[in-house]
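Asks:
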């Protein structure tokens with residue numbers, strides 16, 4: 001599928017805001033591309049260029065939602081990527097921790113523990129640990 005220059009530009013800008021710094025890991029796009037370059041581009045444009053760049057929710061809100069869902073699914077590699085993206089767009093790590101604590105009711109304590117472990121690892125890798133853990 002061919003895309004116009006504006007959507008390609010928007011896709012690259014959004015991807016760079018989310019994943020342009022911090023944790024050093026390959027984005028899933030590179031794996032997709034190894035199997036099917038055209039489909040990888042289509043998926044990237046849809047997810048990052050169309051969905052993530054919508055303005056109804058902020059990138060911070062989208063990343064907190066993604067982190068909540070990925071932690072409930074216990075999808076740790078993807079969670080690591082999206083925690084990094086959340087931090088890159090300005091999410092407060094204390095709020096991410098709170099999102100993970102909220103998971104206790106719906107996903108159980110093992111999901112909470114695993115998500116907090118991944119959050120701590122990402123913060124350590126970024127040199128942002130420890131965080132202010134003051135109860136608010």
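In my numbering, the protein residues as written are 1 to 136. Glycine residues also receive a C-beta, built at the ideal position from the N, C-alpha and C atoms. This one's a predicted model, so the numbers in the text were calculated from it and none came from an experiment.
How many Å lie between residue 55 and residue 66 at the Cα?
Replies: C-alpha separation (whole angstroms): 16 angstroms.
Asks: Cβ of residue 96 within 8 angstroms of Cβ of residue 86?
Replies: Taking 8 angstroms as the Cβ cut-off, residue 96 and residue 86 qualify as a contacting pair.
Asks: Taking the CB atoms as reference points, tell me whether residue 93 and residue 128 lie closer together than 8 angstroms.
Replies: Yes, the pair counts as a contact, with Cβ atoms nearer than the cut-off.
Asks: Would you report the Cα separation of residue 22 and residue 15, rounded to the nearest angstrom?
Replies: Those two C-alpha atoms are separated by around 13 angstroms.
Asks: Alpha carbon to alpha carbon, what distance is there between residue 58 and residue 77?
Replies: Residue 77 and residue 58: Cα-Cα distance of roughly 23 angstroms.
Asks: Given residue 79, which residues of its chain have a CB within under 8 angstroms of its CB, disregarding the five upstream and five downstream residues?
Replies: Here the set comprises 67, 70, 71, 115, 118.
Asks: Under a Cβ-count criterion, where at least 16 other Cβ atoms within 10 Å of its own Cβ denotes burial, should residue 39 be classed as buried or exposed?
Replies: Residue 39 should be labelled exposed.
Asks: Under a three-way DSSP split, which group does residue 25 fall into?
Replies: Here residue 25 sits in coil by DSSP.
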